[in-house]
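Chains as they are written, first to last, in my numbering: chain U, 3 to 215; chain A, 3 to 215. Ideal Cβ placement from N, Cα and C applies to all residues, glycine included.
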DNA sequence: TTCACAATACCCATTTATGTTGATTTTTCA
DNA sequence: TGAAAAATCAACATAAATGGGTATTGTGAA
């Protein structure tokens, strides 16, 4: 039997090296590529034949959620396992909704990652205990996102949340984007509803988690 | 000659494994321990004889800056090299002011980390190009922190910035800490001055960078 | 014992953000 | 082409944050 060919998508080089080092002991797992951003991963998939991608949620340029969506639409025959330090329901759900085959939280028990990969390659789904807890605990809080009516952010909303996180005021954002301040307010309002947060703090945290700033 | 004994302080297990894997090729560098938080590092230093600590700035429980300060005061004879993805002047400066022997930005060229360690062990100081740029470029912006009058945050200020980042309002913070809303406002005002930021966004970013939330 | 600083608290004025509601135009895509 | 989604704008009211200043208390170091 041939080993499972894995691409690691993680900004941190050392993480990729660490994973390779771990899998050196596992005969059936072989790391064949490393991407530092979502975009790099999409390219790499077309160049290197791989069975599975280990995808960090928090990536610059194109984050894990967007990358997952793209892979699900355009790339047949590759499994994707989310792999992140983030445990918030928001991200676990998003990755699963976008088609991830599992969610492994970083820094888990030593053999967990390998086990998760094998489960997924067998056609199963793997969720780390923490991720499972997060999904369970999060239902009452983020139920507005669940039940199929997940709301993604639009392009404009992303531009705005990014500028908010960069300490721009509404007037400045409007100026920067060439729209009225009133429109900016509307977008912010929608953002806060969609993300279920109360103010700037929640927006900034979201933008930072997804590495939009 | 005996090899340099190194302790890695980083939340991410895989990073530590990655570093060990890299240094497997370097005969003079040997990783002898791994700490996941600042507190763990301080303990480990008393238990394991080490020549140098590789210290991530962004650590939970006790972050790199506070850990650095503590080591500088209480631990003789151990070199410390800061090692982080963060390149902001705020952190580079803070680490150097607190006594770090160098600052290496993660994801640099392959041999950089080893070179930096050797420089430091020779009694020198090593700064990554990015860190050096950041220091140079940051002077006009954060000069109020420079020239010896670096201002650290007080305990109370840290509690408050943390709650701000957790989306608490001033009234709620006051209630949570048992102080008046007015006092909270004063602390926030002082925080923004010290950190040279304009609003909630800047405070949240700072708290997240230092892993206080 | 001074001196510095942390922590507390309040005043005022101004700006900015949030909440509510409703609307129009443009874009996208089935 | 027609429906749905996205992007645009604004009036109103309320809540909250920002900026400036001042002042008291306690604590610990020089």
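Just mark residue i as buried or exposed, buried being the case when its beta carbon has 16 or more other beta carbons within 10 Å.
{"i": "residue 146 of chain A", "result": "With a pLDDT of 43 at residue 146 of chain A, under the threshold of 50, the predicted position of this residue should be treated as unreliable, and no value is reported."}
{"i": "residue 124 of chain A", "result": "exposed"}
{"i": "residue 169 of chain U", "result": "buried"}
{"i": "residue 86 of chain U", "result": "buried"}
{"i": "residue 109 of chain A", "result": "exposed"}
{"i": "residue 3 of chain A", "result": "exposed"}
{"i": "residue 104 of chain A", "result": "buried"}
{"i": "residue 14 of chain U", "result": "buried"}
{"i": "residue 204 of chain U", "result": "buried"}
{"i": "residue 143 of chain U", "result": "Caution is warranted here: a pLDDT of 37 is assigned to residue 143 of chain U, below 50, making its placement in the model unreliable, and the coordinate value is therefore given only provisionally. Residue 143 of chain U comes out exposed."}
{"i": "residue 176 of chain U", "result": "buried"}
{"i": "residue 30 of chain A", "result": "exposed"}
{"i": "residue 149 of chain A", "result": "A caution first: residue 149 of chain A carries a pLDDT of 41, below 50, which makes its placement in the model unreliable, though a value can still be read off. Per the 10 Å Cβ criterion, exposed."}
{"i": "residue 76 of chain A", "result": "exposed"}
{"i": "residue 280 of chain A", "result": "A question about residue 280 of chain A goes unanswered here, because the residues of chain A that appear run from 3 up to 215."}
{"i": "residue 78 of chain A", "result": "exposed"}
{"i": "residue 69 of chain A", "result": "buried"}
{"i": "residue 36 of chain A", "result": "buried"}
{"i": "residue 20 of chain U", "result": "buried"}
{"i": "residue 26 of chain U", "result": "exposed"}
{"i": "residue 180 of chain U", "result": "exposed"}
{"i": "residue 113 of chain A", "result": "exposed"}
{"i": "residue 1 of chain U", "result": "Absent from the structure is residue 1 of chain U, since the part of chain U shown begins at 3 and ends at 215."}
Can you name the residues of chain A whose CB is closer than 7 Å to the CB of residue i?
{"i": "residue 169 of chain U", "result": "199, 200, 201, 203 and 204"}
Flag this pair as yes or no: are the beta carbons of residue i and residue j separated by less than 7 Å?
{"i": "residue 33 of chain U", "j": "residue 50 of chain U", "result": "no"}
{"i": "residue 28 of chain U", "j": "residue 116 of chain U", "result": "yes"}
{"i": "residue 1 of chain U", "j": "residue 11 of chain U", "result": "Limits of chain U in this structure are 3 at one end and 215 at the other, which puts residue 1 of chain U out of reach."}
{"i": "residue 137 of chain A", "j": "residue 94 of chain A", "result": "yes"}
{"i": "residue 97 of chain U", "j": "residue 84 of chain U", "result": "yes"}
{"i": "residue 183 of chain U", "j": "residue 167 of chain U", "result": "no"}
{"i": "residue 91 of chain U", "j": "residue 46 of chain U", "result": "no"}
{"i": "residue 81 of chain U", "j": "residue 56 of chain U", "result": "no"}
{"i": "residue 107 of chain U", "j": "residue 89 of chain U", "result": "yes"}
{"i": "residue 199 of chain U", "j": "residue 202 of chain A", "result": "no"}
{"i": "residue 40 of chain A", "j": "residue 64 of chain A", "result": "yes"}
{"i": "residue 209 of chain A", "j": "residue 23 of chain U", "result": "no"}
{"i": "residue 52 of chain U", "j": "residue 120 of chain U", "result": "no"}
{"i": "residue 111 of chain U", "j": "residue 213 of chain U", "result": "no"}
Since residue i meets chain U, which of its residues come closer than 8 Å, beta carbon to beta carbon?
{"i": "residue 108 of chain A", "result": "14, 15 and 16"}
{"i": "residue 207 of chain A", "result": "167, 206, 210 and 215"}
- Message: Against chain U, which members of the region 17-28 of chain A pass a CB distance test of less than 8 Å?
- Response: Correct list: 17, 18, 19, 20, 21, 22, 23 and 24.
- Query: Given a limit of 9 Å on CB to CB distance, which residues of the region 161-188 of chain U reach chain A?
  - Reply: Among the residues of the region 161-188 of chain U, those with a Cβ less than 9 Å away from any Cβ of chain A are 166, 167, 168, 169, 170 and 171, in the order of the chain.
- Query: Touching or not, the region 189-202 of chain A and the region 160-169 of chain A, by the rule of three or more beta carbon pairs under 8 Å?
  - Reply: Judged by pairs of C-beta atoms under 8 Å, the region 189-202 of chain A touches the region 160-169 of chain A, as three or more such pairs exist.
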